Amino acid sequence: MAQSMPTRDDLIGRLQRLCAAQESRVDVAAWAMSIIDDDSLRVTDQLVWNILKRLAGVDVPAPDREFLFTNTDFEEWLSELL
Numbered sequence: 025m026a027q028s029m030p031t032r033d034d035l036i037g038r039l040q041r042l043c044a045a046q047e048s049r050v051d052v053a054a055w056a057m058s059i060i061d062d063d064s065l066r067v068t069d070q071l072v073w074n075i076l077k078r079l080a081g082v083d084v085p086a087p088d089r090e091f092l093f094t095n096t097d098f099e100e101w102l103s104e105l106l
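Counting from 1, position 18 in the sequence shown corresponds to residue 42 in the working numbering; the numbering is continuous, with no gaps.
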């Protein structure tokens, strides 16, 4: 089944669920990567594209803490979208 083009509202929802621990980092990263890797989709909204690329790495560990990105990062990205 073909994916739909992600919207700013889609990203807002994912980020809100990440902040509230209602969606796992692994699931969000996999969702973002599936869109990035989908050659049939061409994301033309530059902000959506940039945040999708960031979301693809939300499950990446950091050398000095559990994850590279924190809720503070997610909140900052949300503010860019709102």
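Every residue, glycine too, gets a C-beta built ideally from N, C-alpha and C. Nothing here was measured: the structure is a model prediction, and the numbers come from that model.
For my contact list, residue 29 and residue 76 are in at a C-beta cut-off of 8 angstroms; report their separation, rounded to the angstrom. Position 5 of the sequence shown holds residue 29. Position 52 of the sequence shown holds residue 76. Residue 29 to residue 76, Cβ: 11 angstroms. No contact.
So, are the CB atoms of residue 56 and residue 42 less than 7 angstroms apart? For the purposes of this step, residue 56 is taken as the residue at position 32 of the sequence shown. For the purposes of this step, residue 42 is taken as the residue at position 18 of the sequence shown. Not in contact: residue 56 and residue 42 (Cβ atoms no closer than 7 angstroms).
Where do the ends of the alpha helix (DSSP H) carrying residue 50 lie? Taking the first residue of the sequence shown as position 1, residue 50 is located at position 26. Per DSSP, residue 50 belongs to the alpha helix (DSSP H) from 49–60.
Quick check on residue 14: does DSSP put it in helix, strand or coil? This structure does not reach residue 14, given that the chain is present from 25 up to 106, and the question cannot be answered.
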